[in-house]
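In the numbering used here, the protein residues as written are 2 to 498.
Backbone N, C-alpha and C define an ideal beta-carbon position, used for all residues, glycine too.
Values in this document were obtained by computation on a predicted structure and should not be read as measured data.
Below: one structure, written as structure tokens.
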């Protein structure tokens, strides 16, 4: 199947299910050579042919057996700025709602070739146009090199977000040719992807490129200040023996990739948010929560939520994670969150409330609240003043011992890619949980209100009722779940939150 776009004729394929699939479509010039560390450059108009049969290269990152994209058959490359499109029954000519997924990975890893993120099943089941994309991560997408290269590099602390905006601009201009409605675009993301879609709500450059947002286990707290970003860059350059931007541009890709473990050890546990986007107060506001409270995204409908045991996910990486939970929390807070207040007293009150004498479990629960659930609640509070907000709390527990309702566990259900993730979810999974979640996500994208057959009516969130959908084997609507915990932890956050 051939689709003419402004940047070329895209040649994809249509299978026996009448699913049209277009993979690895470039949306920006390759950010290599002189374009390394610079803002993305859109592809100029062209009549070239683009063969879209395979995923593009994964962004350069550390090899990680748990992160499937890092070991993709397509390999890694700095030339990674591509997107993928799925549309079922495309020949119908119907303009469908568009859903654009942005992957997570702590802004340091991940990619759209991960089988978990394959949009085939979602597009097949929910009658939407589904899009996934790559963006630059780690040193290539989120490190400030302005002091080395001048103003040309002033956006290098958040180029990964600008990549996402560049992709959204391409989608806005071209998706109608693929059967998508460019006036009904929903962006969704998980973890760092959830942080990304949240921050995009506050960025002037992203204005008008989307209409609804779904933020899964990631919100506006996932950004850092300019000072820390420049400090990280200085350490990075020093380890490579570079003093100028010209020297940095000549360092081989593989040498940069290999330096990550040693560099990261200097700042605490790996797989933290070391590469959070830099809030430069130009493209990204210094205080995104305050910006949201001022109505910067008043026209955007929002759906968001977290999982009950987010931090259990990191047990997959650290054998001794229970022992290092507080250290992990402190490192995260140093990077992404303004200083907390009343911290010691509130911790003690929280531990008394839990009535749990296992301090390791208490510390992990504290991480969940401070880094995930409370920031999502604060975001919902701000945005619900202006538009409809729908909150969920995912509590279904993995059958794998010790994981519980951990970080990213909802993703196989949302994408409908259950067979790919049995080692994560375990067996004996509820038959209808995936279909209900897909329906809820898609109905929000289609009409701005989530709903699913067999689920209670999903009431909008507000400060008074704090309506939240509990997603488990059975779905229930609750008002202010874990409200006592929320009230305790909220004492740590300053008034402007």
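Residue i vs residue j beta-carbon contact at 7 Å
i: residue 130; j: residue 97; result: yes
i: residue 502; j: residue 34; result: In this structure the chain extends from 2 to 498, so residue 502 is not present and cannot be described.
i: residue 49; j: residue 13; result: no
i: residue 246; j: residue 108; result: no
i: residue 391; j: residue 278; result: no
i: residue 489; j: residue 350; result: yes
i: residue 512; j: residue 274; result: The structure shown has nothing for residue 512, since the chain only spans 2 to 498.
i: residue 368; j: residue 492; result: no
i: residue 280; j: residue 167; result: no
i: residue 180; j: residue 122; result: no
Own chain, CB closer than 6 Å to residue i, minus 5 neighbours either side, in chain order
i: residue 444; result: 451 and 452
i: residue 387; result: 296 and 299
i: residue 24; result: 53, 55, 56 and 85
i: residue 324; result: none
i: residue 234; result: 144, 145 and 146
Secondary structure of residue i, DSSP reduced to three states
i: residue 325; result: helix
i: residue 312; result: helix
i: residue 480; result: strand
i: residue 279; result: strand
i: residue 166; result: helix
i: residue 56; result: coil
i: residue 248; result: helix
i: residue 370; result: helix
i: residue 131; result: strand
i: residue 48; result: coil
i: residue 6; result: strand
i: residue 186; result: strand
i: residue 382; result: helix
i: residue 461; result: coil
i: residue 361; result: helix
i: residue 401; result: coil
i: residue 218; result: coil
i: residue 498; result: Any reading at residue 498 is ruled out, since the residue's pLDDT is 47, under 50, leaving its predicted position unreliable.
i: residue 83; result: strand
i: residue 174; result: helix
i: residue 341; result: coil
i: residue 155; result: coil
i: residue 41; result: coil
i: residue 200; result: helix
i: residue 456; result: coil
i: residue 390; result: strand
i: residue 266; result: helix
i: residue 286; result: coil
i: residue 211; result: coil
Option in the options with minimal Cα separation from residue i
i: residue 21; options: 85, 41, 10 and 78; result: 85
i: residue 433; options: 182, 3 and 415; result: 415
i: residue 221; options: 283, 151 and 305; result: 305
i: residue 106; options: 193, 474 and 307; result: 193
i: residue 473; options: 438, 63 and 182; result: 438
i: residue 147; options: 230, 361 and 29; result: 230
i: residue 480; options: 493, 465 and 492; result: 465
i: residue 189; options: 225, 303, 395 and 180; result: 303
Backbone CA spacing between residue i and residue j [nearest angstrom]
i: residue 227; j: residue 293; result: 20 Å
i: residue 205; j: residue 412; result: 29 Å
i: residue 430; j: residue 407; result: 15 Å
i: residue 463; j: residue 212; result: 20 Å
i: residue 19; j: residue 90; result: 5 Å
i: residue 364; j: residue 358; result: 11 Å
i: residue 32; j: residue 41; result: 7 Å
i: residue 37; j: residue 372; result: 32 Å
i: residue 265; j: residue 161; result: 19 Å
i: residue 477; j: residue 6; result: 45 Å
i: residue 285; j: residue 208; result: 12 Å
i: residue 70; j: residue 457; result: 36 Å
i: residue 2; j: residue 470; result: 41 Å
i: residue 134; j: residue 353; result: 44 Å
i: residue 421; j: residue 282; result: 41 Å
i: residue 67; j: residue 51; result: 31 Å
i: residue 141; j: residue 258; result: 10 Å
i: residue 225; j: residue 287; result: 9 Å
i: residue 178; j: residue 361; result: 53 Å
Proximal residues to residue i (C-beta, below 8 Å), its chain only, five neighbours per side dropped
i: residue 301; result: 202, 211, 212, 213, 214, 384 and 388
i: residue 484; result: 467
Cutoff 7 Å; reference residue i; Cβ partners in own chain excluding five residues on either side
i: residue 223; result: 193, 196, 274, 277 and 337
i: residue 156; result: 40, 163 and 284
i: residue 498; result: Confidence at residue 498 is low in this model, with a pLDDT of 47, below 50, so the placement of that residue is unreliable and no value is reported for it.
i: residue 333; result: 273, 274 and 372
Residue-level contact to chain B via CB, residue i, 7 Å cutoff
i: residue 465; result: In the displayed structure, chain B is absent; only one protein chain is listed.
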